[in-house]
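**Q** Provided herewith is a single structure, encoded as structure tokens, for subsequent inquiry.
Residue numbers (my numbering), protein chains in the order written: chain H, 222 to 674; chain C, 222 to 674.
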């Protein structure tokens, strides 16, 4: 294998400029899904790119933007999937970009453009790895490779779950590498073995036809108070949810999960400094913070009611609303939590408080013992020469669940071109050449070892 | 007295056009205290107007707009005071006015202009009553009359309390008639024997330097939750305040107060229809609603925190704030309640939640047995030919307290030109000629009887 990997590294270093150029060509094509700007044109460009690398490509229509699927057979029966997306976040505010977002520019060893990292750079770094393997192996691949690129990731992937359910044969595989990945704030490589689910809702109370003079507050019901009391009914003082059955399906962290948590660095000092935290949720400190991810949350994302301007206006608000997101651990189910939330409010005397579904994703968690995780970790440590850090689950949410279960509980990891200051979603997004190269080297090694797992 | 009153009525009817014209001249002079537009010019016009009716006038400077004090001696040692204000609310939105707000216009038996009712019409109707008395009595008055007009009522009367405390000799009197008054939503005359106090505050929580991704909500403290929990700690489920000592100085309603409450009409049907109320505070119904005013309130006037736009943004808010107003009954004191609120939050574990004082007024309540109340009621029933309705205290707040105590606990009532649809503070504010005339007739009778109390 040493011969192989030396060849990969030499090939990738020698061809780096070509792949950065390929990334730049994709970035020059705007593909802002939020505004439907250039998305379909970019889908066409992605299909051409895959074809130019030898892939058989299908452009699959959905109710939204097309999904591009590219496949190359391998010498074994095993297939590895890459999930990426070809849409990007809006580039605004434009005035904060040093060079225009859709005029890719190289400076200081990095490519600057909207999408340079998220997610066009990720895509091309993977293509480069596939090329390196084939160059080392007379054009052959040790395993099948399937690329799936959607065009709606930046608007919440509204159609991907249905797409996967309807295309399980096309997408059949044995593991997947998710978009994202790279090194963390300390420069260490790592991955999270999945993502928590999320249920987003809006709670609203209406008590009056219109805001009233607060002189009548002894008589006229206040929507803000209704909402505050409904919210306060959801949690007790120890951050434990009062919704009956909320924890029924929450799988406790395994001993191995807790070991992984405890092996992660202590983030307390960094979190205190960065966010200005005085006291963490539940009074957690030190490494206990790493275990907090197994606590499902009920987060208030916003509240709006009544007068919010300067000084005072003495009104009794007629209407009040709050946006909440619940982060769910395996095996909590957003539909089930939604029903239990409604039932709790009804039982607690808040039948008048409406609950509107705003969106949801299910949790997903790979098994820490899966050999694919071990392969990813081992190859990363070879490339980065640093310990690989494994979070048993990430705190946020992503549509990993939409692939994992329908495709037979495949393991999914991340591996990519990121670092802590990529400016993803922000002005001056960029990808550093060194990170790009390391990601390609890492992924080539994963492909190389995948058939033998 | 019958001769007198017939004379008053004839005089006032005969001179109505003149007084409407005098009101219109005052209304043509803008006096928007919120923007300091024309306020001082209007103060000069008010002083001239009082002088033209024979009053000795002092223009008293304050830290804000001047207070105009006009006095006429009477044949007795007793003095009756009128409290009015010469400033007006901003006229916006201008496009909703049928005729421009500062171009007074007569149509359909009413004068339309900003200030026509609130409070320039009130002022001139009182001047008319004084003229009628003097015309009937060879230019003499049975009692002294003092007009006090401030220029900052519409911005919360920030300087009037200090002004009164520093001018108790100048303002010495035995009773006062407050700005406002007239007939209620059923056309009945009446008054409230005072006003509740008010304490306005802002509660705020800050937990982070900036909003965070809600994926970290298991660790990072949420300002919205901090605020919701602090608010929820203020009241129990039965609308009873949990702030220790909150009710210590709340004087219970007397048997006579409760009699007055029960004699008021049942407002339930009207309130349900107008405000769309399903359930009133504390489950009150029917005439029990009239007694609710003796329950001090903690009203949430507004809450702002986090994301309030369309759809969802999964953030953990760094900052949250709520505006509250407490309506206080006699003898609750805003300073005392403010201290107790702070002490409660500290004791309940919310020392980090800040409390900012936004403003306050003390409660004031006249004794229902005062002969001045009886005079006001008897003369109103003579003029309006309808039962006089007495609320033992109004639910809102006003600076009556600033006059009553420093001037020796004088009784204060309302009597004026209003009706339920005057559009006070709104576009198309107006005063109806019939209401103007009735107010003058009523006030002339009060002056006529006042010396003999």
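Yeah, the Cβ is synthetic: ideal placement off N, Cα and C, and Gly gets one too.
1. Residues in the same chain with beta-carbon distance under 7 angstroms from residue 364(H), minus the five sequence neighbours each way, listed in chain order, please.
2. Would you mind telling me which residues of chain C sit closer than 7 angstroms to residue 500(H), beta carbon to beta carbon, in chain order?
3. Taking all protein chains shown into account, decide if residue 635(C) is buried (16 or more other Cβ within 10 angstroms of its Cβ) or exposed.
4. What residue range does the beta strand (DSSP E) around residue 616(C) cover?
5. In whole angstroms, what separates the C-alpha of residue 249(C) from that of residue 309(H)?
6. Tell me whether residue 542(C) sits in a helix, a strand or coil according to DSSP, three-state version.
7. Here's the rule I'm using: 16 or more other beta-carbon atoms within 10 Å means buried, otherwise exposed. How should residue 642(H) be labelled?
8. Just mark residue 403(H) as buried or exposed, buried being the case when its beta carbon has 16 or more other beta carbons within 10 Å.
9. Within 10 Å of its beta-carbon, does residue 338(C) have 16 or more other beta-carbons around it, so buried, or fewer, so exposed?
10. Take every Cβ of the stretch 596-612 of chain C, pair it with every Cβ of the stretch 459-478 of chain C, and state whether three or more of those distances are shorter than 8 angstroms.
11. Could you say if the stretch 279-290 of chain H and the stretch 360-380 of chain H meet the contact criterion of at least three C-beta pairs nearer than 8 angstroms?
12. Are the beta-carbon atoms of residue 502(H) and residue 443(C) separated by less than 9 angstroms?
13. Tell me where the beta strand (DSSP E) around residue 653(H) begins and ends.
14. Going by DSSP, what residues sit across from residue 570(C) in a beta bridge?
15. Is residue 599(C) close to chain H? Criterion is C-beta to C-beta, closer than 9 angstroms.
16. If I'm right that residue 631(C) touches residue 394(C) with Cβ under 8 angstroms, what's the distance once you round it to whole angstroms?
17. Would you be able to state if there are at least three C-beta pairs under 8 angstroms between the stretch 432-442 of chain C and the stretch 582-597 of chain C?
18. Within 10 angstroms of its Cβ, does residue 238(H) collect 16 or more other Cβ (buried), or is it exposed?
19. Listing by chain order, which chain C residues have their CB less than 8 angstroms from the CB of residue 358(H)?
20. Round the Cβ separation of residue 523(H) and residue 527(C) to the nearest angstrom and send it over; I've been treating them as touching at under 8 angstroms.
21. Do the stretch 403-416 of chain C and the stretch 476-494 of chain H meet, that is, are 3 or more Cβ pairs less than 8 angstroms apart?
22. By DSSP's criteria, residue 370(C) is part of a beta bridge. Which residues make up the other side?
23. Please check the pair residue 654(H) and residue 330(H), which I expect to be a contact at CB under 8 angstroms, by giving their CB distance rounded to whole angstroms.
24. Less than 6 angstroms between C-beta atoms, sequence neighbours within five positions excluded: which residues of the same chain meet that for residue 575(H)?
25. Here's the rule: buried if 16 or more other CB atoms are within 10 angstroms of the residue's CB, otherwise exposed. What is residue 431(C)?
26. Which residues, in chain order, does the stretch 536-555 of chain C contribute to contact with chain H at a C-beta distance below 9 angstroms?
27. In angstroms with no decimal places, state the Cα-to-Cα distance between residue 306(C) and residue 644(C).
28. Does the separation of the CB atoms of residue 233(C) and residue 665(C) fall below 9 angstroms?
29. In the DSSP assignment, the beta strand (DSSP E) including residue 250(C) goes from what residue to what residue?
30. Relative to the alpha-carbon of residue 648(C), which residue among 473(C), 319(C) and 452(C) has its alpha-carbon at the smallest distance?
31. Could you tell me if residue 610(H) is buried or exposed, where buried requires 16 or more neighbouring beta carbons within 10 angstroms of its beta carbon?
32. Could you compute how far the alpha carbon of residue 553(H) sits from the alpha carbon of residue 472(H)?
33. Does DSSP put residue 729(H) in a helix, a strand or coil?
34. Could you tell me if residue 476(H) is buried or exposed, where buried requires 16 or more neighbouring beta carbons within 10 angstroms of its beta carbon?
35. Please go through the same chain and pick out, in chain order, the residues whose beta-carbon is closer than 8 angstroms to the beta-carbon of residue 656(C), but skip the five residues on each side of it.
36. Could you tell me how far apart the beta carbons of residue 435(H) and residue 535(H) are, in whole angstroms, since I believe they sit closer than 8 angstroms?
**A** Walking through what the data contain:
1. 295, 297, 299, 300, 301, 668, 671 and 672
2. 442
3. buried
4. Careful: residue 616(C) lies outside any beta strand (DSSP E) and carries neither H nor E.
5. 59 angstroms
6. strand
7. exposed
8. buried
9. buried
10. no
11. yes
12. yes
13. 651-653
14. Bridge partners of residue 570(C): none, in fact.
15. no
16. 6 angstroms
17. no
18. exposed
19. Result: empty, since nearest Cβ-Cβ is about 40 angstroms, beyond 8 angstroms.
20. 3 angstroms
21. no
22. 289(C) and 305(C)
23. 5 angstroms
24. 425
25. exposed
26. 536, 537, 538, 539, 541, 542, 543, 544, 546 and 548
27. 17 angstroms
28. yes
29. Residue 250(C) -> no beta strand (DSSP E), and no H or E assigned at all.
30. 319(C)
31. buried
32. 8 angstroms
33. Residue 729(H) lies beyond the residue range present for chain H, which begins at 222 and ends at 674; the question has no answer from this structure.
34. exposed
35. 403, 404, 638, 639 and 640
36. 4 angstroms
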